[in-house]
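Take the sequence shown: its position 56, counted from the start at 1, is 48 in the working numbering, and no numbers get skipped.
Please read the structure below before turning to the comments.
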Amino acid sequence: MSSSEEQAELIYQALDGYLNSLCLESLMHGLYTAVLLSGLSNMLFNKRGRNRLFMAAIIGVLYSFETVHLGVRWYWVRQAFIVNGDSRMAIYQSFLNEDYRWMWAVSGVFASMNILIADVS
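The following block contains the structure:
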């Protein structure tokens, strides 16, 4: 296998990983939505527990942060595959483009805030 074939295979695996991880994250977000709605309805309609409104608010904040994180990642992958998707190399270079650093920052901040809030509460 030549160097260019190995590079093409690595690029294919990286792109496949980006797309598959986004699909899995979207699926998990859908499951999280179902669990969230079930949990919130139990919390809000069950009158036992003093901190139920506080916990419902925390869960809502965590869900909204995860939704922003997923939205930013979705936009980033869409930009790479749809907008800049002329070739595999163009898609790969789009993922490495420094113009999209803000997406990494926003995504990282919201994911970190989710972890922090979940660990503190």
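Glycine residues also receive a C-beta, built at the ideal position from the N, C-alpha and C atoms.
Just so it is clear, the structure is predicted and the values come from calculations on it, not from any experiment.
With 16 or more other CB atoms across the displayed protein chains lying within 10 angstroms of its CB, E58 is buried. Under a 10 Å Cβ-count criterion, W96 is classified as exposed, with fewer than 16 other Cβ atoms of the shown protein chains found around its own Cβ.
For the beta strand (DSSP E) assignment, the region 41 to 76 encloses no uninterrupted run of at least 3 residues.
About 15 Å separates the beta carbon of E17 from that of L54, a gap too long to meet the 8 Å contact definition.
Taking the Cα positions, V112 is about 20 Å away from L32. Here Y84 is near A6, since their CB atoms are less than 8 Å apart. Here R65 is near L14, since their CB atoms are less than 8 Å apart.
Here M105 has F57 as same chain residues with Cβ atoms under 6 Å from its own Cβ, once five neighbours each way along the sequence are excluded.
Under the three-state reduction of DSSP, N89 is assigned to coil, being neither helix nor strand.
In this structure, V69 lies away from F102, with their beta-carbon atoms at least 8 Å apart.
Rounded to the nearest whole angstrom, the C-alpha separation of I107 and F87 is 25 Å.
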